[in-house]
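Colleague: Quick one: the structure is below, and I'll ask about it shortly.
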């Protein structure tokens, strides 16, 4: 997973993450900058966001996902599992071993 395209987008994505926390969603993994340089954001997974939360209502264009229990399934990422998130984290870690992202 590579860096975000610009500092503006980097700050925007971190703003969405902060907004999700302020609005009561819980972070399962991630939630911040990855490394000390560049525009890398940790893959972030939220659970239990409010239906009207900014992270639910707007498109983020960054490594941020959410899931909310419903009577029939988990939405919108019903196929996103803890194992999938672990793989994402491993890919980020491996790519950073050979780059400058920390």
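Residue numbers (this note's numbering): 10 to 111. For glycine and all other residues, C-beta sits at the position ideal for the given N, C-alpha and C. Quantities reported herein were computed from a predicted structural model and do not represent experimental measurements.
1) To which residues of the same chain is residue 58 closer than 8 Å at the C-beta, ignoring the five residues directly before and after it?
2) Per DSSP, which one or two residues make a beta bridge with residue 50?
3) According to DSSP, is residue 35 part of a helix, a strand, or is it coil?
4) Whose C-beta lies closer than 7 Å to the C-beta of residue 82 among residues of the same chain, with five residues either side of it excluded?
5) Provide the residue span of the alpha helix (DSSP H) that contains residue 64, from first to last.
6) Beta-carbon within less than 6 Å of residue 18's beta-carbon, same chain only, minus the 5 sequence neighbours each way: which residues are those?
Modeller: With the given structure in hand:
1) The count along the chain shown starts at 1 and reaches residue 58 at position 49. Same-chain partners within the cutoff: 29, 32, 33, 34, 64, 65, 75, 77.
2) Your numbering for residue 50 matches position 41 in the chain shown. Beta-bridge pairing links residue 50 to 42.
3) If you number the chain shown from 1, residue 35 lands on position 26. Strand.
4) On the chain shown, position 73 is the one that residue 82 refers to. Because residue 82 sits at a pLDDT of 49, beneath the cut-off of 50, its placement in the model cannot be relied upon, and the point is left open.
5) As a working note, residue 64 is residue 55 in the chain shown. Segment 63 to 66, the alpha helix (DSSP H) holding residue 64.
6) The residue you call residue 18 lines up with position 9 of the chain shown. Excluding residues within five positions, none has a Cβ falling inside 6 Å.
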